[in-house]
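**Student:**
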Amino acid sequence: MLKAVLLEESVFDEPTEDEVMLYAESLGIDVEKEQDLLYIAKEGISAHLPTGWQVLKVTIFSRSTATSSLLLDSISYL
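Using this note's numbering, read the sequence shown as starting at 681 and increasing by one per residue.
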């Protein structure tokens, strides 16, 4: 089961160093060896979306078909 919440783009502040590092790693940048490429991650994470695109916060749930109980998966994506 998937739950998505629409976020307003204006709520985003300057990214933290941790956010930049996580984004850099998701791009395949080795944050230890490729410090000179971190500006790419900072620009990417700070970039405004193109017209017509929206930011969604997605949360994933698991549901037991036997008991109908829900379990919040440990990963939420922003």
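C-beta atoms are modelled at their ideal positions from N, C-alpha and C, and glycine is treated no differently.
What you are looking at is a predicted structure, and each value in this text was computed from that prediction instead of being measured.
#1: Should the segment 715-730 be called in touch with the segment 692-702, which here means at least 3 C-beta pairs below 8 Å?
#2: Quick one: what's Ser-742 bridged to in DSSP?
#3: One question on the structure: do Val-738 and Leu-729 come within less than 8 Å of each other, judged by their Cβ atoms?
#4: Could you work out which residue in Thr-731, Lys-713, Ser-726 is closest to Glu-699 when comparing CA atoms only?
#5: Threshold first: 4 residues or longer. Then list the alpha helix (DSSP H) segments lying entirely within the segment 687-720, N to C.
**Tutor:** Per the coordinate set shown:
#1: By the Cβ test, the segment 715-730 is in contact with the segment 692-702, since at least three Cβ pairs between them sit closer than 8 Å.
#2: Leu-751
#3: no
#4: Ser-726
#5: If we require 4 residues or more, the alpha helix (DSSP H) runs fully inside the segment 687-720 come out as 697-706.
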